[in-house]
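Those protein sequence lines, which keep their order, are chains A and B.
Take 1 as the starting number for the first sequence in the UniProt record's numbering and just add one per residue.
Take 1 as the starting number for the second sequence in the UniProt record's numbering and just add one per residue.
Backbone N, C-alpha and C fix where the C-beta goes; we use that ideal spot for every residue, glycine too.
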Amino acid sequence: MSAAVSQTQPRDLKAMRVTKETGAGVLRRKTGLRRSAQVKHGMAIKVSLWSRILVWVVFIVAFFYFVVPALWLFVAATKNAGELYTTGGFEFAHFRLWENIRNLFTYRGGIFARWILNSVIYSGFGSVITALVSAMCGYALYVYEFRGKKIIMGALMASLLIPATVIAQPVYLLLIQLGLGNTMAGVLLPSFVYPFGVMLCYITAQSSVPKEIIEAARIDGAGEFRTFFRISMPMMMTGLATVFLFAFMQSWNSYMMPLMVLDDPNLYPVTVGLVDWRNQSSSVAALGTLTITGAFVSIIPLILIFLATQK
Amino acid sequence: MTATTRLANPESPSGSVSSVKSFNTAKPIQGAPERKPRYRSTPAPYLFVAPFVLLFVVFMLAPMVVAIYQSFFTVKRSGLGFTGGRQTLFAGISNYLTAFHDHEFMTSFLRVLMFGVIQVPIMIGLSLVFALLIDSTLVKFKKTAQIIVFLPYSVPVVVAAIMWGFLYQPGVSPIVKGLKSIGVTVSFLSPQTVLWSVGNVTTWCWVGVNMVIIFAGLQSIPQDIYEAARIDGAGEFRIAWSIKIPMVMPSLMLTVLFSIIGTIQLFNEPSVLQSITGNVTAKYTPAMAVVNVTSQQNNQNLGAAMAVITALITLVLSLIVSAIQQAAAKKEARS
Numbered sequence: 001m002s003a004a005v006s007q008t009q010p011r012d013l014k015a016m017r018v019t020k021e022t023g024a025g026v027l028r029r030k031t032g033l034r035r036s037a038q039v040k041h042g043m044a045i046k047v048s049l050w051s052r053i054l055v056w057v058v059f060i061v062a063f064f065y066f067v068v069p070a071l072w073l074f075v076a077a078t079k080n081a082g083e084l085y086t087t088g089g090f091e092f093a094h095f096r097l098w099e100n101i102r103n104l105f106t107y108r109g110g111i112f113a114r115w116i117l118n119s120v121i122y123s124g125f126g127s128v129i130t131a132l133v134s135a136m137c138g139y140a141l142y143v144y145e146f147r148g149k150k151i152i153m154g155a156l157m158a159s160l161l162i163p164a165t166v167i168a169q170p171v172y173l174l175l176i177q178l179g180l181g182n183t184m185a186g187v188l189l190p191s192f193v194y195p196f197g198v199m200l201c202y203i204t205a206q207s208s209v210p211k212e213i214i215e216a217a218r219i220d221g222a223g224e225f226r227t228f229f230r231i232s233m234p235m236m237m238t239g240l241a242t243v244f245l246f247a248f249m250q251s252w253n254s255y256m257m258p259l260m261v262l263d264d265p266n267l268y269p270v271t272v273g274l275v276d277w278r279n280q281s282s283s284v285a286a287l288g289t290l291t292i293t294g295a296f297v298s299i300i301p302l303i304l305i306f307l308a309t310q311k
Numbered sequence: 001m002t003a004t005t006r007l008a009n010p011e012s013p014s015g016s017v018s019s020v021k022s023f024n025t026a027k028p029i030q031g032a033p034e035r036k037p038r039y040r041s042t043p044a045p046y047l048f049v050a051p052f053v054l055l056f057v058v059f060m061l062a063p064m065v066v067a068i069y070q071s072f073f074t075v076k077r078s079g080l081g082f083t084g085g086r087q088t089l090f091a092g093i094s095n096y097l098t099a100f101h102d103h104e105f106m107t108s109f110l111r112v113l114m115f116g117v118i119q120v121p122i123m124i125g126l127s128l129v130f131a132l133l134i135d136s137t138l139v140k141f142k143k144t145a146q147i148i149v150f151l152p153y154s155v156p157v158v159v160a161a162i163m164w165g166f167l168y169q170p171g172v173s174p175i176v177k178g179l180k181s182i183g184v185t186v187s188f189l190s191p192q193t194v195l196w197s198v199g200n201v202t203t204w205c206w207v208g209v210n211m212v213i214i215f216a217g218l219q220s221i222p223q224d225i226y227e228a229a230r231i232d233g234a235g236e237f238r239i240a241w242s243i244k245i246p247m248v249m250p251s252l253m254l255t256v257l258f259s260i261i262g263t264i265q266l267f268n269e270p271s272v273l274q275s276i277t278g279n280v281t282a283k284y285t286p287a288m289a290v291v292n293v294t295s296q297q298n299n300q301n302l303g304a305a306m307a308v309i310t311a312l313i314t315l316v317l318s319l320i321v322s323a324i325q326q327a328a329a330k331k332e333a334r335s
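In structure tokens form, the structure reads like this:
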């Protein structure tokens, strides 16, 4: 590597010397790195062939560990219950993916579609409300001085330490007493309480809404709420989107709360529904295939969104 | 309730201009006379915080109070079965004594402790290695490498547990089948191995997230430090060991804290694996014990006591970790 001659234009003499010695220019040209040290300062250290090979091996192993199981899910989703056991894990039998998907969406009157819809309601609608509730509170904590502000701030900090699973059982007890057991509201309402989101909105308001603007809006005669919804909230949008995303992922992943609160399969989110099928699959073989297909179908949109946001 | 709001300081003759000034100074300057706030009567701040505060009180504060209250009571069923009356009696600490004498519940703490001691270092270690590699000059394909490690984040933990469940299940699993064909018999679901199979699902799900947190820490280190180190003749490995790891310590401790809290809460992965093996018992982890006692055994009072115990242990552990963190930060600051 050290003999490689750079064809790029080094920014200064020092960089040229180092580049010629180490081949950093080649490295830079191939990778197009912007942030790494050798571009910024024209410095790089020798990279031996062995460490290069080692890095490749590490990431090939990482690919097998992190990605291949998800690929297996795809292969398994193309098989029926019998083929799942008789054929090799990564070997295609008859390609039954469409057949499996059709079965998935017709089983028990299309209950899987219902679960997807429920998950979208719990996570999508729920997280919009969560973001709004958090934004209003975080904004007020930043803009106003009022009695009880310190108590709210203290309670927020303290509640960040309370793990969700620990609070789930007490919330469940209360929901039962309020008559909210086995209802959508019982899953949704507790999810609106998101102290981390309030903190994030408070920080966002601090950094993105200048108090001069709020004052200007007041002089122009806008009421406090109008100022918030028309002027401040649009300025906080980046932070709100972050809160929405975090809340969405948390609630999309949520399993314990809906499992405790819900009895009616029609109200299940996808997670609870799939585990329910999985539990029955030991007695009903067809449910094994449906579970695999359902798991595969449910993660496809997430993986696509994930890959899209990486660019 | 008197809804009063401080919007401007009293010394100013007219509100608008100086109130802008008062906004900019969050705290009065030291030595300056204490300013008395002028309150303008407006309910706005209370209306803004009302939804959150109300929800917080009902779904965070009240449940804790209810749980602590319920943990000191017990329901006596007199008469036969469902026809008998229910009587709620004060039970003192008897629920707590029952919980402490519940061998399975106590074992579950030891189990997650053992899990935490082994799984957390492995997971954080892997996250650190990947973050350092991607941050170093060794890796050219940074974006692809990040996507590979972070991809499992888009798979919900429950779905990941279902997926790995199939990959552990003899008959279906390509891993078990593959190893069998070369004469190696493995069981991922035996009483000895199943805990580590659970740990593998957790690792698979969370290495990426932890890597991103550590990587963000690495990115904020000023690059000039590396240049100085290179002039001094330090190699990539030396830079990682002597500069990057110490400087990324706060992020690293944060991931450790989150992981420890996550370990005590362990619920999703083991309860999904219950569907394929009897070796994950009903009270395998503290959280599973709480749910089992509350929902299946229908003993909400004992469940509440167990939840309180779990919460307290979590709190103590979090405090210990953050104390260590602060001690380390102080030591860092002194040296």
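Relative to the C-alpha of ILE93/B, which residue among MET306/B, ALA311/B, GLN265/B, ALA333/B is closest?
MET306/B
List the residues of chain B whose Cβ lies closer than 7 Å to the Cβ of ILE101/A, in chain order.
Residues of chain B passing the Cβ test: none, with the nearest at roughly 16 Å.
Count the C-beta pairs between the segment 232-241 of chain A and the segment 132-142 of chain A that are closer than 8 Å, then say yes if the count reaches three, no if not.
Taking a contact to require three or more Cβ pairs closer than 8 Å, the segment 232-241 of chain A and the segment 132-142 of chain A qualify as touching.
If we count the other Cβ atoms within 10 Å of its Cβ and call it buried at 16 or more, is GLU332/B buried or exposed?
exposed
Under 8 Å from the C-beta of MET153/A: neighbouring residues of chain B:
Within chain B, no residue comes near MET153/A; the closest Cβ sits about 11 Å away, beyond 8 Å.
Can you tell which of VAL261/A, ALA164/A, THR106/A, SER254/A has its C-alpha closest to the C-alpha of ALA311/B?
ALA164/A
For residue 315/A, which of helix, strand or coil comes out of DSSP?
Nothing can be reported for residue 315/A: it is not among the residues displayed for chain A, which extend from 1 to 311.
So what's LEU73/B in DSSP terms, helix, strand or just coil?
In the sequence as displayed, the identity of residue 73/B is Phe instead of Leu. Residue state, collapsed to three classes: strand.
Taking the alpha-carbon of MET247/B as reference, which of LEU266/B, PHE215/B, PHE73/B, ILE260/B has the nearest alpha-carbon?
PHE215/B
Would you mind sorting PHE258/B into buried or exposed? The rule is 16 or more other CB atoms within 10 Å of its CB.
buried
Quick check: the Cα distance between GLN297/B and ASN95/B, rounded to an integer number of angstroms?
14 Å
Closer than 8 Å to chain B by CB, PHE248/A:
no
Just to confirm, are ALA70/A and VAL66/B a CB contact at a threshold of 8 Å?
Their beta carbons are not under 8 Å apart, which means ALA70/A does not touch VAL66/B by this criterion.
At 4 residues or longer, what runs of the alpha helix (DSSP H) sit wholly inside the segment 105-153 of chain B?
Entirely contained in the segment 105-153 of chain B, the alpha helix (DSSP H) runs reaching 4 residues are, in chain order, 142-150.
Alpha carbon to alpha carbon, what distance is there between LEU133/B and THR173/A?
A small correction: the amino acid at residue 173/A is Leu; Thr does not occupy that position in the sequence shown. Going from the Cα of LEU173/A to the Cα of LEU133/B covers about 47 Å.
Simplified DSSP assignment, three categories, for residue 394/B:
Absent from the model: residue 394/B. The displayed extent of chain B is 1 to 335, so no value can be given.
From PRO63/B, TYR69/B, PHE90/B, residue whose alpha carbon lies closest to that of LYS76/B:
The option with the nearest alpha carbon to LYS76/B is PHE90/B.
Could you give the first and the last residue of the continuous alpha helix (DSSP H) run that contains GLN206/A?
195-208
As an exercise, report each continuous alpha helix (DSSP H) stretch of at least 4 residues that is fully enclosed by the segment 211-266 of chain A, in chain order.
211-219, 237-253, 256-261
Just to confirm the assignment, what range does the alpha helix (DSSP H) spanning GLY178/B have?
DSSP places GLY178/B inside the alpha helix (DSSP H), whose first and last residues are 174-181.
Return no unless some Cβ of chain B is closer than 8 Å to the Cβ of VAL128/A.
no
Counting only the same chain and skipping the five closest in sequence on each side, list residues whose C-beta sits under 8 Å from that of MET153/A.
Excluding sequence neighbours, MET153/A sits near LEU141.
Using alpha carbons as the reference points, say which of LEU167/B, THR185/B, THR88/B lies closest to THR74/B.
Scanning LEU167/B, THR185/B, THR88/B for the CA closest to the CA of THR74/B turns up THR88/B.
Reduced DSSP secondary structure (H/G/I, E/B, other) of SER282/A
SER282/A falls in the coil class under three-state DSSP.
Interface partners of GLN206/A on chain B, CB under 9 Å
Chain B residues near GLN206/A: none, gap ~10 Å exceeds 9 Å.
Name the chain A residues whose beta carbon is nearer than 9 Å to that of TYR168/B?
The contacting residues do not exist; TYR168/B stays about 11 Å from chain A at best.
Does the segment 157-169 of chain B touch the segment 286-297 of chain A, meaning 3 or more C-beta pairs lie closer than 8 Å?
yes
Identify the contact partners of LYS177/B in chain A, using a Cβ-Cβ distance below 8 Å as the criterion.
Chain-ordered, the chain A residues with CB closer than 8 Å to the CB of LYS177/B read GLY88, GLY89.
What is the residue span of the alpha helix (DSSP H) that THR310/B lies within?
In this chain, the alpha helix (DSSP H) harbouring THR310/B covers 300-334.
Any C-beta of chain A under 8 Å from that of LYS27/B:
Unreliable positioning characterises LYS27/B in this predicted model, as indicated by a pLDDT of 47, which lies under 50. The coordinate reading is nonetheless provided below. Closer than 8 Å: no.
CA-CA distance, ALA289/B and GLN300/B?
12 Å
Burial state of GLN146/B (16 or more Cβ within 10 Å):
buried
Between THR42/B and chain A, is any beta-carbon pair separated by less than 8 Å?
yes
Report yes if the CB atom of PHE188/B is closer than 8 Å to the CB atom of SER197/B, and no otherwise.
yes
Consider the Cβ of TRP204/B: report whether some Cβ of chain A lies at a distance smaller than 8 Å.
yes
Between the beta-carbon of ALA286/A and the beta-carbon of ALA81/A, is there less than 8 Å?
Taking 8 Å as the Cβ cut-off, ALA286/A and ALA81/A qualify as a contacting pair.
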